[in-house]
Amino acid sequence: MIYLSSKYGNIALSYLALDMLDKHVSSVVDCLEQTAKKEMIKIEGKLSGQQKSELKERAILMVLDAIDSNLRKVLEGLYSNLRKVIVTKIEAKCLQNKIQKKES
Numbered sequence: 704m705i706y707l708s709s710k711y712g713n714i715a716l717s718y719l720a721l722d723m724l725d726k727h728v729s730s731v732v733d734c735l736e737q738t739a740k741k742e743m744i745k746i747e748g749k750l751s752g753q754q755k756s757e758l759k760e761r762a763i764l765m766v767l768d769a770i771d772s773n774l775r776k777v778l779e780g781l782y783s784n785l786r787k788v789i790v791t792k793i794e795a796k797c798l799q800n801k802i803q804k805k806e807s
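With my numbering as the guide, the letters of the sequence shown map in order to residues 704 to 807.
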């Protein structure tokens with residue numbers, strides 16, 4: 704277990720949580736962009752003007768559905784990670800209290 708002083712521990716844990724969120728969101732966005740580009744390239748060459756317009760509308764709805772689904776996964780992952788951070792913070796505080804009791 705790593706001992707964190709309350710002053711620097713809060714800062715470190717906040718940065719850790721933000722870093723985790725950034726990594727999850729970036730990964731989801733990259734995956735969505737790659738998938739959408741591949742599918743559009745496959746289909747777009749075979750369609751007329753009106754069909755392309757309909758395809759774009761449909762693609763927008765599909766992307767929104769994918770974002771919703773992936774955002775839920777990101778939020779679940781973030782919740783899990785933040786929960787771990789909070790538990791670690793509580794454990795660090797308990798350890799700090801034990802150390803202070805032994806010193807006094």
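By construction, the Cβ of each residue, glycine as well, lies at the ideal position given by its N, Cα and C atoms.
Please read all numbers here as calculations on a predicted model, not as lab measurements.
For residue 730, the three-state secondary structure derived from DSSP is helix. Under the criterion of beta carbons closer than 8 Å, residue 774 and residue 724 do not qualify as touching, at roughly 12 Å. Measuring C-alpha to C-alpha distances from residue 739 to each of 797, 769, 801 identifies 769 as the nearest. Put simply, the backbone Cα of residue 746 is about 14 Å away from that of residue 760. Per the coordinates, the alpha-carbon of residue 772 lies some 42 Å from the alpha-carbon of residue 800.
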